[in-house]
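K.L.:
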């Protein structure tokens, strides 16, 4: 998956999700929505934004792999290379070394691996993955550090993502902590508008959810730009 493919994947998913905003707006204009119905639609919108965040996060490794797959293991970013080589050492340690010949073989395996082109060994792709459920901003930073890159993440975006993750988990598992998502989103909008007045353009809760999807897209676009500048 190349950069354009990855960003197209994220963009198309974002466009589909934001159709929910138009559904809500049209229903409000026609005065068809009762408060409970609005709450249900907002809950669905939030869950879909979480899906956007999670799917972009978990698909990112495919783009990274595409850029780095023609490199030797030795040329990979240090943390990624270290993880691959340490796994080989662990597997060697599990086997009893009975003679010097075994040690020679282990050294040969190590030398072969470090000089191997990544794409020649399909199993190496798993080391590019971020194996986590419920991805957070901190987990994203940790994942990017494996590839020796970082991107600035604004406090506004961090608060937005934390809200989406918390709300999605509440909706999926109990729904007890937030009774009214229209009011909850208005409070979030008031809070970030006060804290980051120059960064917020939204006027209502539906606009805010759409703005969050744009912020998510821009974050992953920035990640691909930084990655390409370093490795492409």
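Residue numbers (this note's numbering): 6 to 237. Even glycine gets a Cβ: it sits at the ideal position worked out from N, Cα and C.
#1: What did DSSP end up calling residue 154 once you bin it into helix, strand or coil?
#2: For residue 133 and residue 155, what's the separation of their Cα atoms in angstroms?
#3: Run through the region 195 to 229 for me and flag every whole beta strand (DSSP E) of 3 or more residues, listed as ranges in chain order.
#4: Expressed to the nearest angstrom, what Euclidean distance is found between the alpha-carbon atoms of residue 129 and residue 88?
#5: Confirm, please, whether the CB-CB distance from residue 151 to residue 47 is below 8 Å.
#6: What do you reckon, are the CB atoms on residue 2 and residue 115 nearer than 8 Å?
#7: Between the C-alpha atoms of residue 25 and residue 173, what's the straight-line distance to the nearest angstrom?
#8: CB-CB under 7 Å to residue 161, same chain, minus the five flanking residues each way: which ones, in chain order?
#9: What does the alpha-carbon distance come out to for the pair residue 55 and residue 17?
#10: Going by Cα to Cα distance, which pick from 90, 135, 222 and 127 is closest to residue 113?
#11: Contact defined as beta carbons within less than 8 Å: I believe residue 61 pairs with residue 221. What is the distance between those atoms, to the nearest angstrom?
P.N.:
Let's see:
#1: As a working note, residue 154 is residue 149 in the chain shown. Correct three-state label for residue 154: coil.
#2: Along the chain shown, one-based indexing puts residue 133 at 128. Along the chain shown, one-based indexing puts residue 155 at 150. Cα to Cα, residue 133 sits roughly 16 Å from residue 155.
#3: none
#4: Start at 1 with the first residue of the chain shown, and residue 129 comes out as number 124. Start at 1 with the first residue of the chain shown, and residue 88 comes out as number 83. Using only the alpha carbons, I get a separation of about 10 Å.
#5: Sequence index remark: in the chain shown, residue 47 carries index 42 (1-based). Sequence index remark: in the chain shown, residue 151 carries index 146 (1-based). Result no, Cβ atoms of residue 47 and residue 151 do not sit closer than 8 Å.
#6: Past the edges of the chain, shown from 6 to 237, lies residue 2, and the structure says nothing about it.
#7: Looking up residue 25 in the chain shown gives position 20. Looking up residue 173 in the chain shown gives position 168. Between residue 25 and residue 173, the alpha-carbon positions lie close to 16 Å from each other.
#8: Mapped onto the chain shown, residue 161 falls at position 156. Once the five neighbours on either side are set aside, the close Cβ partners of residue 161 are 197, 201 and 204.
#9: Walking along the chain shown from the start, residue 55 turns up at place 50. Walking along the chain shown from the start, residue 17 turns up at place 12. The straight-line gap from Cα to Cα measures roughly 15 Å.
#10: Residue 113 sits at position 108 when you count from the first residue of the chain shown. The residue with the shortest Cα to Cα distance from residue 113 is 90.
#11: By one-based count along the chain shown, residue 61 stands at place 56. By one-based count along the chain shown, residue 221 stands at place 216. Contact holds; Cβ gap of about 7 Å.
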